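Data block below; observations after.
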Amino acid sequence: MTTNEKIEANANLTLWCVHVLGPDDVHAVPSHDAAVIGARELNKAIHGKAEAPEDILCFAYAAPWPHSAEAHAEDLKREGDAP
3 MTTNEKIEAN ANLTLWCVHV LGPDDVHAVP SHDAAVIGAR ELNKAIHGKA EAPEDILCFA
63 YAAPWPHSAE AHAEDLKREG DAP
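If you want it as structure tokens, here you go:
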């Protein structure tokens, strides 16, 4: 197992989400890696538009899931990311 694989395995001992700062939304994702990638893609979508306002706080980042495991599973189903 590589160092990066060990790090991801350790990170996945918790549940993860993409937290969108600004509207304060959380979206469950299946893994830490999925949270990092999802946040990066969402930020590109938000800030990659020429008409995106520069003075409004809206930023996505990977974060530990702040609710129960049951709520995480329900949100994964809603988001379509359930394994």
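The sequence shown begins at 3 in my numbering and counts up one residue at a time. Cβ atoms here follow ideal geometry from the backbone N, Cα and C, with glycine treated the same way. Computed from a prediction, not measured in an experiment: that's the story for all the values here.
- Here Asn-14 really is in contact with Ser-33; their C-beta atoms are around 5 Å apart, less than 8 Å.
- Measuring C-alpha to C-alpha distances from Trp-18 to each of Ala-37, His-49, Asn-12 and Gly-24 identifies Ala-37 as the nearest.
- In the three-state DSSP reduction, His-29 falls in the strand class (E or B).
- Beta-bridge partners assigned by DSSP to Val-20: His-29 and Ala-64.
- Per DSSP, the continuous alpha helix (DSSP H) segment holding Glu-76 begins and ends at 71–81.
- Note on Leu-78: 16 or more other CB atoms within 10 angstroms of its CB, so buried under the neighbour-count rule.
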